[in-house]
Each structure stands twice: as C-alpha cells, then as structure tokens.
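Step one of this worksheet: look at the structure below.
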Amino acid sequence: MKTLATFWLCCLSLGATLPALAQQPTPPPAMLTPPVAAVKAKQLVSPYGTRTDNYYWLNERENPQVLDYLKAENNYFDQQMAPVKGLEDKLYQEMKGRIKEQDESVPVRDNGYYYYTRYETGGEYPLYCRKPGSLQATEEVMLNGNQLGQGHSYFAVGGATVSDNNELLAYGVDTVSRRLYTLRFKNLKTGQLYPEKIANTSGHAVWAADNQTVFYAKKDVTTLLSYQVYRHTLGTDPAQDVLVYEEKDDTFGLDVSRTKSKKYLGIELSSAFSSEYRYLDATTPRGEFKVFAPRTPDLLYDVQDANGKFYIFTNWEAPNFRVMAAPLAATDRGQWQEVIPQREDVFLEGMELFKNHLVLNEREEGIRQVRVINFKDQIGHTVDFRELAYTTYLGANPEFDTPTLRIIYTSFTTPTSTYDYNMATHKLALLKEQPVLGGFNKNDYVTERKFVTTRDGKQVPVAIVYKKGFHKNGQGPLLQYAYGSYGYSMDPTFSSARLSLLNRGFAYALCHIRGGQELGRQWFEDGRMMHKMNSFTDFIDCSEYLIKNHYTSPAKLFAEGGSAGGLLMGAVINLRPDLYKGVIAAVPFVDVVTTMSDASIPLTTGEYEQWGNPANKPAYDYMLSYSPYDNVKAQNYPNLLVTTGLHDSQVQYFEPAKWVAKLRATKQDHNLLLLHTDMEAGHGGASGRFKALHDVSRQYAFMFLVLGDKALL
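Count the sequence shown with mature numbering (1 follows the signal peptide of the UniProt record, and there is no 0) and you get residues -22 to -1, 1 to 691, in order.
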C-alpha cells in the first residue's frame, strides 16, 4: 500500500519434495523450528460479513509479545540464511565496490549559485554544497549529512530550500523513518542554526520574497496526511505560527510550492482524481491565497506561469492530458485556451516552462521521453536516444531564461547520465555518466523488449536484460519485477547492484502491467478499483510467456514486488503458486480489507480511489476476493521472503507479520517462509548509501539459497 519515495531493487526446501541438486551448499539444520504466533481470534464485523482474524493482536506495536515475536522471526531468518551468510557479505562488498565513494552530483545553477551534493569516502550521507558565481569559487557546505546523522540509526534530510537573498536555508530532518520531519533553519552567512524546531511536517518549506517568511505543511501524526499549511516568521516561536489553510477532506493531501518564476506561492491539493491549486503573490505573504479553479471530480490540473500567462497541465476533456493557458487575471476554466492538444497514442506526464520553450515529459508505447516545443513557431521535436528500452526525464531546471535543458538518461545497460541539451541548437552534451567501478562494460549486456498478449488480448510491454552468454533454454534463473498501482510507471533504469545477479547468470524482467500509466491513463484505470485483478493476471501471463519462451522455468523463476507490488506478490502466489521457485515481498500491503476499513491507519482515506471504500458492498466484496491475507489457503506456496520495517509509515509492519503467521499455520509445503523486520527502519528500508545495500544483498542471497547451486555463486 502507499507510494514508494524510493522503488525496491531489488530456499532450499526443508522437505523431500525437491530433487537434490548436483552442487549444493551445506543445507541449514533440517529441524529448525519456525516461530509460531499465538492465535487470538478477533471478530471483524462489517455490514457485509464477519471475518475472523487470528493474528490481529500483532497490531499492538508496544506489546512486548509482539516485539518478541518479530525478534524470534528475525532469529529464525538468521538461522535459515546462515549457509549463505558468507555469500551475502560477498554480495554486499561487490555492490559497495562498484560505487565511487568520493563522488558528487553535476552542479545546478540557481540565482547566482551552483548547487550540488557530494559524498566523502566512507560517508553514508551526502554533503549539501554550493559555490557562488563560478565552479572555481570556494565551496560552502550548507549541510553535512554525516555529521547530522551521527548517532542516529536512521537519518534523512527532507526538502532543502534557500531564500531569495541566498542567505537562509530551510530543511527537514527525519530520524525515525515515519516521514514526520522536523523543520530547521540555518543562516548560511554565519553558520548559525536558528533555535526553532517545527515538528511533524512534510519536511519541505517555501520562502516568501521577504526572506523571513516561510510556509510549510503540517502532518496529522496518526494518519500521516499533510492537512494544514502554516506561515512562520523566522526567529519567532513556532507556537505563534499562523494557520493559513486546513484541508477537511481526508481523501486529499497537500503540499506547498513556489513557481519557477518566483512570483507565486502555491498550495497544491490533490487526491488521485481531483486537484485544486491556491496561489498568492510571493511579495505579499500575509495576503489571502486565491483558488485558481475549484476542485471538480475527475479534474486534475497543475499550474505554472511564464511570459505573463498561467499554463495549465490538465486532463480536462483529455484523459492523456494536454496543456492550456489562461490570463493572470482570469483563471476560471472558461478562460483556458488549448496550447498543446491531447494525443491518443501519447501520454503526457509533466511539463517544464522556459522563456522561449515548453518542455514535455511524455510516453509513447511505454517509453518515457522528452519533447521540446518552441513558443515562437510551436514546432516540437523529441530528444533522440537510440536504445531499445530506456528512460529519460527532466533533471533540475530552476532557471527560467536559458536555452539549456538538464536531462537525465538511463537504461538497463547505461548508468544514470546527466546531459545538458541546447534547445535552440539541438546539441546534446554529456556532463556525467555515473561511474561504475570494477570493470563494468555496458556492451557485455543485452536488452530486449517484448509485448506479451494477455488473456483478454492486451499487450503488456516487458523489458528484459541479461549478460551475453545467457541461453534461452529454460535452464537459467530469472527475476521478474512489477508494481502496477497508483498510476506509477516503472522504467528500465540502471542498477549497479543488479549486476551481481546478471553476472551470475540471472536474467531480469520488468513488466509494465496494468495499474501503472506506461500506456496511458486508461492503462491505470484498467488496473485499479473493480479492475484490480487485471494487474495480477497480467503478471501471471508475463510469467507464463517467459517460461513458454524458455527464458526460465518454474524451477528457476523468482518474482519480486514491494509495497503495492507486495500486494501483487501476495495475490499472484494465491492464484498461481506453481509458477515460481521463490518470491520476495518487500513491505507488502496484504491485508487490504482490514486496512481500508480503518481510517485511523496512516494514509488510508486518501486511497479509497485506488482500492475502493469497504463501506460500500461492491468494493468490500471485490477487495475480499483478492486480498492476500484473506485468501491464504491450504496449498503449496513458493519459497518466500517477506520484509518489513517496524517504523513503516506506509504499510504498517503488522500486515506482513500477520500474513506470515497465517501462511505458517495454513500452507502445506515445506518451502522456506522467512520474515525479516528491520527494527530501526521504515518503508524505504535502511538509510544511507551503503546501509541500503544490505537489504539488496540479503534478498539476492535468499534467491541463491533457494537455488542451491554453487555454480551460480
């Protein structure tokens, strides 16, 4: 459940049901006893039926018995993984060894300064830096993440924003991983840290033009929804901050923003299918925010300004989105004029405005690309990259009056690359390709792109990568990944960690199943609410395609998904457990009906438009038909690794814990069932550039343990 800030990168049977392999590592002790969660039946009553939940008590976060159970599962995990502990450590060192430790991002120019982040050797967290006027100027370190994160098991910086006079910094800090940030303020001239601390924010603040006023979003500590906007004057007691807006509809969230021109402050209000924008002149921070266009069901819009007009990115009478414009003084929909029309075969994802150009991020046949349109002649062109499966998107482009566009490019075989593109001359300049140490050669790897015909005749794009020498004879292992929710599209991107799989003979397949927006807005509509089952059957149909075409076999096929992708994993193994050797379900949203019935659970109310509201019988019945927890049955399941974080703000730890407990009591096989709980982290796993690699190496080691083949190690 809930969106992903960061997407998941990515057993030997204890019984006699699997044939022995010719080359096996030493198996784990045969009689290890898994933890057994106590059965404490609770009746969950609904107008549409009563369900019995034997493990509801695991919701009690502060109950010592709950913590003891999670620790027992972690101990069991360690025992079962002991035979590949050395391999896990080796994988971690490999992954770490590919990362250039002393590294920095490509600087971005904004308001006379060049901003960048850099890492020091051995450092887990970045330093946030800038140089005035020139890259040859003396460096100013605004924040040192390693110093700030010292003594914390988890550490993350939220949005860091600088005032118009370049002297003041606002930033957020989270040391728990609940995404409840504390705002702090720093004087960049003196290095002074201001005394005020504003807790429970989104982590992001925007400055007004007076260099002393900021606006920020406050979160409800129970639901974790941003629902209030406050105005704060630097140097004053936060208790005196002024509430300027409160959202009463708990299906909406909000954020604060400032337009690229710096002219307007914004309050952005949005649900999955409706939005509203309120704006205020940045020079009058004590004024009243105006409504740009009232919220209307099924109307989404985003607003920017340029050259004396507002530009509106919207789905109004355009499911695949279009761009419109309106006068600054007349913003109601009757004044909107079309600038870029909708195209049936192209889905628009976003826009960026410059003085002379309009830039669009768009998808055609699932491929994300960049199109540039000249305001003067309205002629557009696509920035050309020639790989088969790739993604390109807009980088940081804070400056308005410039012909230079910052673009990020990546693919399965090309590390993240930063380009500057001259929109007038169409010249593309590579500024940096992220270095990969250890002898990486992109020409050693092969990418394919296929379209899988589903049972109802749809064409699902699948991107596949493997190292040269991989044979399509059904004997090779393959990891299949998908997400398929919230309209979030998964793109073929580079992972240096994934090389540890590819170099050991794995293939990797990314499936663009329904529920994302890879093929347009309808692709999303066909994978949500009463059509959610399409996501699951698309994934299964892709698995069958990969097997039929000899990329792998059920004895070598692994599946992985995280969060809502973990829901995908849970549904798929209830439906077709026979297709997979092993499954990794990371922070999985698996108790759909119970969670969506409890408005107090973080972020639930904002999700009714994705899953449905179980207060309505059709939604209740449909969710109940696929909810992984409710559909666990007495059958054989694949080897299964389930991960969670005790402080997860998006999928509460008790969902995967309950699911594992029920699977242990119900399934009929002797395959591995492992639960690993990070007792210090949340939804995104461990913080830090190297700590996070432990999560990946753990998952990869699990797959090798299941395969049991030394030749792959």
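Just so you know, even glycine gets a beta-carbon here, dropped at the ideal spot from N, CA and C.
Identify whether residue 704 lies in helix, strand or coil by the three-state DSSP scheme. In the structure as shown, the chain starts at -22 and stops at 691, and residue 704 therefore has no counterpart that could be examined.
The alpha helix (DSSP H) enclosing Trp185, as first and last residue numbers: Taken as a continuous stretch (DSSP letters only), Trp185 belongs to no alpha helix (DSSP H), being part of the beta strand (DSSP E) at Ile176 to Trp185.
Which of the three DSSP states is assigned to residue 700 in this structure? Outside the shown range of the chain (-22 to 691) lies residue 700, about which nothing can therefore be said.
So, helix, strand or coil for Thr4, using DSSP? Low confidence applies to Thr4: its pLDDT is 41, below 50, so where it sits in the model is not reliable, and the reading given next is rough at best. Coil at Thr4, not helix or strand.
List the whole-angstrom C-beta distance separating Pro470 from Tyr615, where the pair is believed to meet the contact cut-off of C-beta under 8 Å. In fact, because the Cβ distance is near 30 Å, the residues do not count as touching under 8 Å.
Opposite Asp31 in the DSSP bridges: which residues? Lys20
Among Val414, Phe484 and Lys410, which one has its Cα closest to the Cα of Lys446? Phe484
Assigned exposure category for Ile579 - 16 Cβ within 10 Å defines buried: By the neighbour-count rule (16 or more Cβ atoms within 10 Å), Ile579 is buried.
Roughly how many angstroms lie between the CA atoms of Arg499 and Phe325, to the nearest whole one? 7 Å
Between which two residues does the beta strand (DSSP E) carrying Leu479 extend? Note, Leu479: premise wrong, no beta strand (DSSP E); alpha helix (DSSP H) at Leu477 to Leu480.
Within its chain, find whatever has a CB closer than 7 Å to the CB of Lys559; leave out the 5 residues flanking it on each side and keep chain order. Spatial neighbours of Lys559 in its own chain (CB-CB distance under 7 Å, excluding positions within 5 residues in sequence) are listed in chain order as Pro532, Ala533, Lys534, Leu535, Phe536, Pro616, Asn617 and Val684.
Given a cut-off of 8 Å on the beta-carbon distance, is the pair Leu479 and Lys74 in contact? no
Please report the distance separating the alpha-carbon of Ser24 from that of Ser605. Distance between the alpha carbons of Ser24 and Ser605 is about 16 Å.
Nearest-angstrom Cα separation, counted from Val17 out to Ala177: 39 Å
Please tell me whether Thr370 and Ile386 are closer than 8 Å, where the distance is taken between their beta carbons. yes
For Leu247, collect the residues of the same chain with a Cβ closer than 8 Å to its Cβ; drop the 5 residues on either side in sequence, then sort them by chain order. Glu225, Phe230, Gly231, Leu232, Ser253, Glu254, Tyr255, Arg256 and Arg273
So, using beta-carbon positions, are Leu457 and Tyr486 closer together than 8 Å? yes
Which of helix, strand or coil DSSP assigns to Tyr103: Tyr103 carries a coil assignment under DSSP once its states are collapsed to helix, strand and coil.
Apart from the five residues just before and just after Lys595, which ones in its own chain have a Cβ nearer than 6 Å to its Cβ? Tyr26
For Phe193, which residues does DSSP report across the bridge? Val184 and Arg209
Is Ile491 near Val438, with beta carbons less than 8 Å apart? yes
Below 8 Å between beta carbons: does that hold for Glu330 and Leu372? Going by C-beta atoms, Glu330 is nearer than 8 Å to Leu372.
Compute the Euclidean distance between the alpha carbons of Lys354 and Leu336, then round it to the nearest angstrom. Their Cα atoms are separated by approximately 10 Å.
Which two residues bound the contiguous beta strand (DSSP E) that contains Ser675? Not the beta strand (DSSP E): Ser675 falls in the alpha helix (DSSP H), residues Lys669 to Leu685.
Provide the residue span of the beta strand (DSSP E) that contains Gln437, from first to last. Gln437 to Lys445
6 Å Cβ shell around Thr160 - same chain, five flanking residues per side excluded: Around Thr160: Val151, Lys175 and Ala177.
Find the nearest neighbour of Glu322 within the set Ala308, Trp314 and Arg341, judged by alpha-carbon distance. Each of Ala308, Trp314 and Arg341 was checked against the Cα of Glu322, and the nearest Cα belongs to Arg341.
State the Cα-Cα distance for the pair Ser141 and Phe193, rounded to the nearest angstrom. 12 Å
Run through DSSP, which three-state label would His359 get? strand
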